[in-house]
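Structure first, then comments.
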Amino acid sequence: MEAPKELRYSQEHEWVLVEEDNLATIGITDHAQDQLGDVVFVELPEPDTQLTQDEPFGVVESVKAVSDIYAPVSGTVKEVNTELLNTPETLNEDPYGDAWLVQVEMNDPEELDALMTAEEYERFVEEEQESADE
Amino acid sequence: MTANRTPLYKVHRALGARMIEFGGWQMPVQYSGILAEHRAVRTQVGLFDLSHMGEIEIAGPRAYEVCQELFVTDIARIQVMQAQYSVMCFADGGIVDDVIIYRLAEERYLVCVNAANRTTDYEWMAQHNRDRAEVIDRSDEYALLALQGPQARTVLSHLTPPNLSAIRRYWAAQGEVAGVPTLLARTGYTGEDGFELFVPAERAEHIWQACGEAGRAANLVPVGLGARDTLRLEAGYLLYGNDIDARTTPLEAGLRRLVYFEAGPFVGSEALRKQQADGIEKQLVGIKMEAAGIPRQGYTIWSGEQQVGVVTSGTQSPMLGVGIALGYVSPSCADEKSKRALQTDKAGHVYSSGTPLAVAIRNRRIPATVVKPPFYRRS
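Residue numbers (the numbering used here), protein chains in the order written: chain A, 83 to 216; chain B, 12 to 390.
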């Protein structure tokens, strides 16, 4: 699956969608879900939790592994995708759509500058895989 | 050092398997996905490459005597072509390895051992053999395939004479599978009906493909080590290196039923007798989570405000949809209520089924209950 052009990406394989004002929707990438395998458990923060860029704010568990989810931007949690808690497999099926994790009000939209474009992210994933194969 | 490859390595790559290193081998961890593979074995049939496992033969007029010393079981109870799950112990009672012993003939035993232990097991056996029997590492000669699931027998019956797929559970037979001489055993590590096929390494691909074709109508899928682990854990089988090792004894691991003190002295029998008399300091238990949360290896186990143990294997049970685990708990750490409950347990176990515990998952203690494995039983 190609990384959607309208999103920004972190090195920890999260995506951000900025729609209006300072509201940013956050999820994990298709590459991230593929690497995890079957997702069976998701832990997300409560509304009003403060997220700090590059700090873990939630957990995704596959059958085999536990992975922290890192905040691609800082901000206050406004919405939480609570449906995902009951249907964690959605993360494998629709990582860029129904499986969004949280929506935050950003503290500092300039943090977005540190993130990658779709094209940069795809190159980043390729390079990461090449170095893993060595 | 690069990891070993089984004779089916190229087949796995062609099937798009994700490979990992396990016990010094490059093995498929998953093909289509762990959950799908797990469910296929529970509901239909799955095919496994287990060629990383070792096979060591002990043969000769004194093989019986050597085996009786090496294993905690009563070798005389194993009839020709019967299989027996057992363990080898160190002198202090710690476990060298858990194995399946196949008695191939009156004076010939084939011992199936864990991949990572193959060399240490062979050396251990050779050392205790003291030139009485022939101890031969045959691991490179065999590939091991497993056909597991409710449809396993039907699939196998397409490839063998009818009497072969009718062997009883924990029995074996020599015969042909898809025209290839095979040692065929009705054994497995999944909690389902199934067979393990010891085949000549150079014919492994032929038999793999034949199983694939014979299994098409039953929707046979290849299954990797990921689902092998969730299947064995649901079935309550122990994994060497996680749940048992040199620092655990069969008594602590809940394997008392395997130990035949009366069959004769074996390596470790003195230490185990003493432990039996003194009581165990830790006890393996099955744990089922009572709320959302997945127990993992290394997570701590709590009784009230006391840490009483550590998880050795854990996962989300694909069939039950809850977290399940195996772990060791220490009787001496039990709270008073558990200790009182203990008086009625004849086996001397502090933690009997129903004992409430908790598992610490990311600094939260999630409620759990002691259950007697298997966690999942086939209907």
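Glycine included, every Cβ here is placed at the ideal spot set by N, Cα and C. All figures in this text were calculated on a predicted structure; none of them were measured in a lab.
| Asked | Found |
| --- | --- |
| Quick one, which residues of the region 291–309 of chain B are near chain A if we go by CB-CB under 9 Å, in chain order? | Ala303, Gly304, Ile305 and Arg307 |
| Kindly indicate the opening and closing residues of the alpha helix (DSSP H) around B:Met136. | Arg129 to Asn140 |
| Going along the chain, which residues of the region 108–133 of chain A sit with their C-beta nearer than 9 Å to a C-beta in chain B? | Gly119, Asp120, Val122, Phe123 and Glu125 |
| For A:Ala106, count neighbouring C-beta atoms within 10 Å of its own C-beta (all shown protein chains included) and say buried if the count is 16 or more, exposed if not. | buried |
| Could you pull out every residue in the same chain whose Cβ sits closer than 7 Å to the Cβ of B:Val296, ignoring the five residues on either side in sequence? | Gly338, Val340, Tyr362 and Val381 |
| Which residue from B:Ser168, B:Tyr42 and B:Gly202 puts its Cα closest to that of B:Ala229? | B:Ser168 |
| Any contact between the region 110–122 of chain B and the region 53–69 of chain B? By contact I mean 3 or more CB pairs, one from each, below 8 Å. | yes |
| Going by C-alpha distance, which of A:Glu201, A:Thr111 and A:Val162 is nearest A:Glu94? | A:Thr111 |
| Helix, strand or coil: how does DSSP classify B:Phe272 here? | helix |
| Looking only at its chain, what residues have a beta carbon closer than 6 Å to the beta carbon of B:Ala358, apart from the 5 residues adjacent to it on each side? | Any reading at B:Ala358 must be qualified, since the residue scores a pLDDT of 49, below 50, and its modelled position is unreliable; the value itself is stated next. There are no such residues. |
| Would you mind reading off the limits of the alpha helix (DSSP H) that contains B:Leu283? | Ser280 to Asp289 |
| Tell me whether the beta-carbon of B:Arg50 lies closer than 8 Å to the beta-carbon of B:Pro329. | yes |
| My understanding is that B:Gln162 touches B:Val56, with C-beta atoms under 8 Å, so please give their C-beta distance in whole angstroms. | 4 Å |
| Given a cut-off of 8 Å, decide if B:Leu115 and B:Trp219 are closer than it, judged by their beta-carbon atoms. | no |
| Cβ of B:Ile45 less than 8 Å from any chain E Cβ? | Absent from the structure is chain E; the protein chains it does hold are A and B. |
| Can the beta-carbon of B:Pro385 be found closer than 8 Å to that of B:Gly290? | no |
| Quick one: grab the DSSP three-state call for B:Gly334. | strand |
| Between A:Gln115 and the rest of its own chain, which residues show a CB-CB distance below 7 Å, the 5 nearest in sequence each way excluded? | Val121, Leu173, Asn174 and Pro177 |
| Just by C-beta distance, which residues in the region 145–166 of chain A are closer than 8 Å to chain B? | Val145, Lys146 and Val148 |
| Mapping the DSSP letters down to three states, classify B:Ala358 as helix, strand or coil. | With a pLDDT of only 49 at B:Ala358, under the threshold of 50, the placement of this residue in the model should not be trusted; the figure read from the coordinates follows. In this structure, B:Ala358 counts as coil in the three-state DSSP scheme. |
| Count the other CB atoms, across all protein chains shown, that sit within 10 Å of the CB of A:Asp190; report buried if there are 16 or more and exposed otherwise. | exposed |
| Quick check: the Cα distance between B:Gly35 and B:Pro18, rounded to an integer number of angstroms? | 15 Å |
| What does B:Gly237 touch in chain A if you count any residue whose Cβ is under 8 Å from its own? | Gly119, Val145 and Lys146 |
| What does the alpha-carbon distance come out to for the pair B:Thr446 and B:Thr311? | Beyond the ends of chain B as shown, which are 12 and 390, falls residue 446 of chain B; an answer cannot be given. |
| From the beta carbon of A:Val142, is the nearest beta carbon of chain B less than 8 Å away? | no |
| Who are the neighbours of B:Arg373 on chain A, taking C-beta pairs under 8 Å? | Glu125 and Val141 |
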